[in-house]
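Chains as they are written, first to last, in our numbering: chain A, 278 to 990; chain B, 278 to 990. Here a beta-carbon is modelled for each residue, glycine too, at the ideal position from N, C-alpha and C.
Structural data, given as structure tokens:
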């Protein structure tokens with residue numbers, strides 16, 4: 278190996294990342310300007326949109342207050358128990374995660390009415406309004422994540438280099454924990470409102486979806502925004518931040534060169550530019566909506582793949598030398614191997630999208646089987662949906678296993694981290710698709726409630742169907758990337774723990790000899806065996822495996838309870854003012870919004886604290902260090918299966934209902950349709966509350982474990 | 278340590294086990310005689326019972342033919358690829374597992390009508406008939422298992438000691454694989470008939486359960502026997518055999534003394550006597566049925582605990598010395614420690630029964646919450662039931678983790694094996710409870726179909742409710758013991774693999790030096806690290822975790838398809854002969870029985886082969902030896918959670934329906950009742966097909982892995 282001049286990407290990598298983030302944020306601002314410049318419809322539309330905006334803002338403001346209290350307590354706990362740089366990182370992660378959710382939601386409630394208005398002109402105008410609303414969220418989330426992590430890292434490196442790494446873990450914890458709250462609170466809100474509105478509205482009073490006579494209809498539309506927009510934005514912000522931080526941790530702890538640390542930032546920067554081009558393509562495209570969106574993603578992926586090449590070749594021209602903390606064993610990987618890892622990440626993104634699409638889109642057999650099973654009743658619809666969920670775990674898990682294999686073979690643990698980063702680098706355009714869903718859903722609601730003509734509603738319905746599929750596929754992407762990111766965090770736990778124990782035990786020896794240092798390392802290696810032969814690891818696997826189950830049970834019940842409160846309130850209003858159903862009295866939308874808001878904020882606390890408290894409790898028992906190894910892995914294993922099964926079942930039930938509503942198996946109003954509504958309702962908390970909340974949850978488990986290392990061990 | 282004379286239990290342990298088995302079998306024959314001697318009711322009752330007997334026999338005969346073909350193929354495959362002693366063991370395990378299922382089912386279909394007849398005299402007579410029918414199955418299963426494994430081991434020890442251990446693994450494979458087929462075939466049969474009968478009978482034609490006008494009603498009653506009796510008997514036979522064999526494997530490979538090998542057999546023998554006394558107690562007791570049964574179990578457990586004491590103290594008076602195959606490291610455990618492990622197993626039995634009872638009995642809040650949720654519709658009933666299932670995993674998993682911890686601390690891997698054996702030793706009386714369920718269920722059916730008076734039906738209904746709870750709690754026992762037994766098998770995989778590789782590599786060296794032997798052992802130890810740090814293990818965990826999901830998805834779908842076929846047939850008959858519903862035409866029960874039989878036998882093949890083929894496929898890839906370590910553990914982790922969640926949800930849904938039928942939340946015919954019927958129907962394949970079939974499945978995965986060691990590695 279010849280001695281090489283540092284790559285320009287190593288010298289200017291952070292500058293590049295910051296410039297790209299700024300470009301992303303700037304482009305998002307430009308999109309906001311164009312959205313705001315477009316007309317917001319007639320008075321009735323503005324009034325309804327205003328009610329949704331108000332409800333969403335009211336919820337998010339109270340959510341911010343609730344979460345801020347918890348975050349403030351944790352800030353001081355972390356500061357006193359651990360150190361203030363970590364606490365500072367925690368604060369930054371929390372604030373940015375909250376901001377990502379807040380901004381995403383604010384834009385969505387502005388874009389929804391403009392999408393409805395756009396639909397009165399043309400399908401393309403509607404598509405543009407909805408997609409650009411989503412793109413703002415996407416670009417803001419990745420821009421903000423990359424910018425904040427880069428700047429924080431640069432500042433900490435100068436101010437307090439000793440704590441730079443641990444403060445970065447603080448950022449990850451802040452982002453993840455807030456994201457669990459946002460996912461749970463938003464998820465409970467959206468599904469309690471949805472289920473509640475459906476149960477009394479559709480089932481008892483025979484009202485259509487979004488009928489303005491339903492007192493819970495505004496709450497339902499607010500829910501789409503606080504759950505699908507704010508929750509998803511916080512979730513992906515978190516995974517993005519964790520992907521960068523995980524790569525930095527692994528890079529800093531196992532690799533000698535600065536190239537390994539700057540690389541994830543540059544990857545993120547490159548993909549922001551690729552995503553912007555993808556967004557522009559969608560705006561110019563005249564293809565069918567679903568195709569335009571998918572081509573946009575494809576273009577961003579191809580451009581990223583092209584852009585990653587020179588970066589990788591330049592940064593790792595001399596190869597990558599990885600050193601084991603304990604054994605000192607050295608492995609060398611080539612630039613091509615690392616580049617291959619980025620391709621694995623991009624391929625995994627494509628696989629997650631395509632596989633989830635297969636299991637949840639009306640065109641394919643899984644959804645059609647559920648629809649057919651609805652003919653024999655509610656129960657067979659549910660059985661078929663549950664079976665589809667379980668079946669749908671196979672391909673994603675095989676792909677994840679394959680990704681781990683290939684990226685590890687190419688560049689070790691760092692290779693896995695790089696694959697995850699490449700996967701998350703695509704988040705800008707992927708969230709654009711996801712946020713597209715609630716915007717078109719809301720646009721449809723506004724069109725119905727404001728009585729827009731049938732042709733307009735046909736356009737919004739059509740876009741809504743596309744939005745549904747997009748929401749489902751991005752959930753597949755979110756859970757697959759969360760699983761891989763968690764694996765990287767688990768690797769970081771091991772590396773960090775080895776590093777910590779070695780340093781601590783060597784420091785305890787007065788002027789240690791080389792033999793003593795070697796003995797310490799050997800002893801640490803023996804203790805950190807994490808072998809399945811050790812019953813502590815098996816016990817840990819069981820305990821960790823339990824966490825997603827308990828967490829999901831709590832969050833499912835929370836939706837049930839909150840939905841029950843909505844049902845009671847709607848029944849009360851209808852009984853008190855019978856004129857509501859005849860359209861003579863105006864329902865009191867506000868109390869429903871209020872009830873769900875309070876219920877969601879109350880119910881999110883306990884399940885969100887489960888992962889944190891469980892890890893701390895295990896860390897305190899004898900052998901906790903080893904058991905935790907099992908706990909982290911166990912939570913990833915069952916969490917991944919549960920998350921995929923729940924989100925796929927939910928998406929498939931939803932679209933089976935849509936398929937029947939298109940006129941199959943007896944169409945709307947048939948017994949099959951009623952059965953499919955049951956499936957859709959069961960799927961609601963599955964796909965929008967419990968399932969997606971598992972993503973940040975398994976990362977919280979892993980991050981808390983890293984964080985408690987210096988406290989307990 | 279002084280040199281001690283061999284314990285009399287070491288010298289005569291096998292004799293004792295064989296005598297106890299013979300006593301168990303003899304007592305079972307005596308019970309059969311008393312059952313046959315009691316009157317079988319009037320002509321109509323005999324006719325209906327005859328139809329059920331015929332259907333059950335027809336199904337089992339065809340199942341035996343189907344399975345025998347597969348078993349024959351596997352016998353030759355194992356014989357040619359591995360060795361004939363193993364193939365012989367496989368044959369013995371297969372035949373005994375089939376026999377256990379067949380006998381259990383035969384007795385149940387004789388006891389059902391006598392229970393109905395007993396109910397015309399007194400509650401006690403009915404209870405005795407049903408319980409003794411169950412007790413026959415229980416005692417036959419454990420007697421047969423202990424006798425066959427003891428005799429086979431003794432014979433193989435003399436004839437071919439080199440292959441004695443591996444032929445025992447053959448027995449375990451035969452028992453487990455046949456048990457997967459029996460569980461799946463029986464489970465698909467019973468639930469397809471049940472769901473099919475309910476969907477058209479109850480829902481479309483408003484017929485009551487067991488109405489003789491329903492063409493699928495005989496198939497439904499046959500199903501109770503082939504699923505709950507034959508399937509469960511084969512399943513527990515298998516777990517029992519695996520518990521003995523696992524303990525023998527661990528004992529033989531890691532412990533120097535013969536005491537460790539004979540110990541599990543003696544434990545089994547002691548508990549058979551304790552179980553016989555428990556059975557006699559139940560027959561004499563005048564307590565309420567549920568209490569009489571539970572007290573019987575308690576007495577058997579206490580007597581076992583007392584009986585285990587002298588055995589353990591005598592056999593391990595000198596302590597237990599365990600030697601690591603590779604490092605040669607020695608650990609010594611005391612007789613008290615080993616005795617403590619048996620108590621852990623008995624306590625785990627109690628915990629599994631009590632916890633499952635809490636989650637599935639009408640007295641406690643989980644079932645009542647589901648019942649209350651039924652008021653707001655089908656969907657909320659399902660959501661509540663799914664949440665209960667997930668929640669119900671917590672305590673059993675914590676108890677299992679605790680059992681592993683305690684028994685490992687007391688006597689290492691052998692301690693875990695002993696705890697499992699103590700748990701399974703109770704199987705005689707526990708299956709008595711389980712088989713009680715389908716017998717009382719059938720008795721109720723016969724009472725309804727033959728028009729017995731209301732008071733008689735009140736007694737059978739009452740016993741049926743007790744039977745339902747018993748069926749549910751024994752499922753908790755079955756899955757918890759299966760999980761622990763699988764852990765022991767995983768330990769055996771590691772021990773056996775170490776032993777095999779060491780011997781093979783040392784044998785390859787011409788006159789190896791001590792240094793060379795040490796080097797081989799060190800190299801094997803390094804390769805068999807099974808560390809979570811190795812991505813191959815993580816990949817294995819994912820692949821293994823997938824198996825229960827895939828398996829359940831296939832079996833759920835199989836029930837759906839087979840039930841659909843029943844629905845079509847019943848609709849056809851009703852359309853062809855409208856007189857059936859008016860009670861003027863006799864339905865053709867035979868075609869329904871025939872359709873479910875064919876469907877069940879066809880549908881069981883693919884899912885049953887999944888675990889076998891998956892293990893063989895993984896064994897063939899590079900690094901397969903390590904990946905398999907992850908696969909085995911992964912399948913246990915997700916299998917345990919999925920199994921517990923499915924069986925608890927199913928049991929809770931079932932009893933929530935019963936609770937509503939008792940008059941709560943509007944009672945029979947209300948909207949809440951309809952919703953609860955949906956939950957019950959969804960729970961059918963959950964608790965009676967997919968959930969319980971996971972028990973033998975995770976063991977097949979582990980046993981096949983042990984079996985392929987000398988072939989691939």
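Mind checking which residues open and close the beta strand (DSSP E) that includes residue 600 of chain B?
597-600
Assuming residue 720 of chain A and residue 618 of chain A are in contact, meaning their beta carbons sit under 8 Å apart, how far apart are those beta carbons, in whole angstroms?
Incorrect: roughly 40 Å between the Cβ atoms, too far for contact.
Please say whether residue 498 of chain A and residue 1009 of chain A have beta carbons closer to each other than 9 Å?
Here chain A comprises residues numbered 278 to 990, so residue 1009 of chain A is not present and cannot be evaluated.
Where residue 855 of chain A meets chain B, residues with beta-carbon distance less than 9 Å
The contacting residues do not exist; residue 855 of chain A stays about 21 Å from chain B at best.
How big is the Cα-Cα spacing for residue 430 of chain A and residue 626 of chain A?
27 Å
Note down, in chain order, each residue of its chain lying with its Cβ closer than 6 Å to the Cβ of residue 820 of chain A, except the 5 sequence neighbours on either side.
908
With 16 as the cutoff for other CB atoms within 10 Å, does residue 812 of chain B come out buried or exposed?
buried
Listed by chain order, chain A residues near residue 610 of chain B by CB distance under 8 Å
Within chain A, no residue comes near residue 610 of chain B; the closest Cβ sits about 14 Å away, beyond 8 Å.
Only counting the same chain, and skipping five residues up and downstream in sequence, which positions put a Cβ closer than 6 Å to that of residue 653 of chain B?
none
Could you tell me the alpha carbon to alpha carbon distance between residue 332 of chain A and residue 867 of chain A, rounded to whole angstroms?
8 Å
Selection of the region 661-673 of chain A by Cβ proximity to chain B, strictly under 7 Å
661, 663, 664, 667, 668, 670 and 671
Taking the alpha-carbon positions, what's the residue 384 of chain A to residue 594 of chain A distance?
43 Å
What residues in its chain sit with their C-beta under 6 Å from that of residue 558 of chain A, if we drop five residues either side in the sequence?
573 and 576
9 Å Cβ cutoff met for residue 843 of chain A and residue 474 of chain A:
yes
Applying a beta-carbon distance threshold of less than 7 Å, which residues of chain A neighbour residue 771 of chain B?
810
For residue 279 of chain A, which residues of its own chain have a beta-carbon under 8 Å away from its beta-carbon, when the five flanking residues on both sides are left out?
Residue confidence is low: residue 279 of chain A scores 45 on pLDDT, short of 50, so the model does not pin down where it sits. Its coordinate-derived value is still stated next. Closer than 8 Å at Cβ, skipping near neighbours: 595.
Cβ atoms of residue 318 of chain A and residue 407 of chain A: under 9 Å apart, would you say?
no
In the structure shown, what three-state DSSP assignment does residue 444 of chain B receive?
helix
Where the alpha helix (DSSP H) through residue 477 of chain B begins and ends
Looking at the DSSP string, residue 477 of chain B is not in any alpha helix (DSSP H), and its letter there is neither H nor E.
Which residue wins for smallest C-alpha separation from residue 746 of chain A, given the options A:571, A:915 and A:882?
A:571
Could you say which of A:861, A:829, A:707 and A:491 lies nearest to residue 870 of chain A if we only look at CA atoms?
A:491
Output the boundary residues of the beta strand (DSSP E) element that contains residue 641 of chain A.
Per DSSP, residue 641 of chain A belongs to no beta strand (DSSP E) and is neither H nor E.
Who are the near neighbours of residue 286 of chain A in its chain, counting only those whose CB is closer than 6 Å to its CB and skipping five residues on each side?
543, 588, 591 and 592
Please confirm whether residue 666 of chain B and residue 921 of chain B have their CB atoms less than 9 Å apart.
yes
The region 967-983 of chain A touching the region 749-759 of chain A, judged by at least three CB pairs closer than 8 Å:
yes
Extract the residue ranges of the alpha helix (DSSP H) inside the region 380-465 of chain A, only unbroken runs of 4 or more that lie entirely within it.
400-436
Alpha-carbon spacing of residue 549 of chain A relative to residue 540 of chain A, whole angstroms:
14 Å
Residue 934 of chain A and residue 957 of chain A look like a contact to me (Cβ under 8 Å); what is the Cβ gap, rounded to whole Å?
4 Å
When DSSP labels each residue in this structure, what does residue 671 of chain B get in the three-state scheme?
helix
Exposed unless 16 or more other CB atoms sit within 10 angstroms - verdict on residue 379 of chain B
buried
Cβ neighbours of residue 944 of chain A in the same chain (closer than 8 Å, five flanking residues each side left out):
937, 938 and 950
Between residue 279 of chain B and chain A, is any beta-carbon pair separated by less than 9 Å?
Confidence at residue 279 of chain B is low in this model, with a pLDDT of 45, below 50, so its placement is unreliable and no value can be given for it.
Considering only the alpha carbon of each residue, which of A:386, A:367, A:701 and A:292 lies closest to residue 323 of chain A?
A:386
Does DSSP classify residue 376 of chain A as helix, strand or coil?
helix
I want to verify the contact list: residues of chain B whose CB lies under 7 Å from the CB of residue 313 of chain A, in sequence order.
Correct list: empty, because the minimum Cβ distance to chain B is about 39 Å.
Indicate, with yes or no, if the ligand SAH has a heavy atom lying under 8 Å from the CB of residue 754 of chain B.
With respect to small molecules bound, the structure shown includes none, and the ligand SAH cannot be examined in it.
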